[in-house]
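Engineer:
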């Protein structure tokens, strides 16, 4: 196998084959008709097909479809990656058929599909997190502790005026950038940088309402290089300009 992850387009041509490794096929767009060991399934967004090793399977998509495909490496890789979830993961990969994703899993699949799939670190850690989520639903991959969002919020507030990188927040949580990004998306439903942007704008809105600072100074304090960029972002987020926001408080 050349890569653990790949994006694949399917069409009306019927594909029939088998392979020595397990495979997971996640729907992104369109509908893919799938049959594994005589069991029919339809792979669409928020669903997937499980193809066990050596299982003969057929698939085709008359209307066209795009899928994220995970070609699972050997048992040693699976054991090393899943740790205490290895047995559950192995059972998952031995059962052919279709599964449905919960909203958090679906968001994770979407994020992975938009990531650089050829990056071995991002691909390996993303697949590990996704497999653990599927094999042991409801059990956090990193033990029983959630991300320290209060500490993340405090860090963003303290350093809002300077450029913030995902790596800064990942170090705060003791995680790699890829693992932090994936876990953050699952736990909050937002990417880290979208979260930073939203928190900066809420902080800016608070400063506009509670202080007499000039709009340009508020923009600088929450990390915007210009007053016009801050005004545009605030308007998109809250539907109001700084001037109107301050006028309405009176």
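Residue numbers (the working numbering): 450 to 699.
Virtual Cβ for every residue (Gly too), placed ideally from N, Cα, C.
1) Compare the C-alpha of residue 712 against each of 625, 458, 642 and name the closest.
2) At what residues does the alpha helix (DSSP H) containing residue 643 begin and finish?
3) Determine the closest residue to residue 554 out of 497, 666, 572, with distance taken between C-alpha atoms.
4) Residues bridged to residue 616 by DSSP?
5) Quick one, are the C-beta atoms of residue 483 and residue 507 less than 9 Å apart?
6) When you compare each of 609, 540, 601 to residue 620 by their alpha carbons, which one comes out closest?
7) To which residues of the same chain is residue 656 closer than 8 Å at the C-beta, ignoring the five residues directly before and after it?
8) Can you list, in chain order, the residues of its chain whose CB lies under 6 Å from that of residue 664, leaving out five sequence neighbours each side?
9) Quick one: what's got a C-beta closer than 6 Å to residue 645's C-beta in the same chain, skipping five residues either side?
10) Check for me: the alpha helix (DSSP H) holding residue 665 runs from which residue to which?
11) Determine the direct distance from the alpha carbon of residue 582 to that of residue 635, and round the result to whole angstroms.
12) With distances taken between CB atoms, is the gap from residue 698 to residue 652 smaller than 9 Å?
13) Could you check what DSSP says for residue 630 in three-state terms: helix, strand or coil?
14) Per DSSP, which one or two residues make a beta bridge with residue 460?
15) Given a threshold of 16 other Cβ atoms within 10 Å of its Cβ, counted over all protein chains shown, does residue 631 qualify as buried or as exposed?
Structural biologist: Reading from the atomic positions:
1) For the chain, the structure presents residues 450 to 699; residue 712 sits outside this window and is missing.
2) Its alpha helix (DSSP H) spans residues 641 to 659.
3) Closest in alpha carbon position to residue 554, among 497, 666, 572, is 497.
4) Answer is none; residue 616 lacks a bridge partner.
5) Yes, they are a contact pair.
6) Nearest C-alpha to residue 620: 601.
7) Beyond the five residues adjoining it in sequence on each side, residue 656 comes within less than 8 Å, by CB distance, of 662, 667, 670, 671 in the same chain, given in chain order.
8) 676, 691.
9) Cβ-Cβ distances below 6 Å link residue 645 to 605, 613 in the same chain, with the five nearest sequence neighbours on each side left out; the list follows chain order.
10) Taken as a continuous stretch (DSSP letters only), the alpha helix (DSSP H) holding residue 665 covers 664 to 670.
11) Taking the straight line from one Cα to the other gives about 10 Å.
12) It is not a contact, given that the beta carbons lie outside the stated cut-off.
13) Residue 630: helix per DSSP, three-state reduction.
14) Here residue 460 is not bridged, per DSSP, to any residue.
15) Burial of residue 631 is indicated by the presence of at least 16 other C-beta atoms within 10 angstroms of its C-beta.
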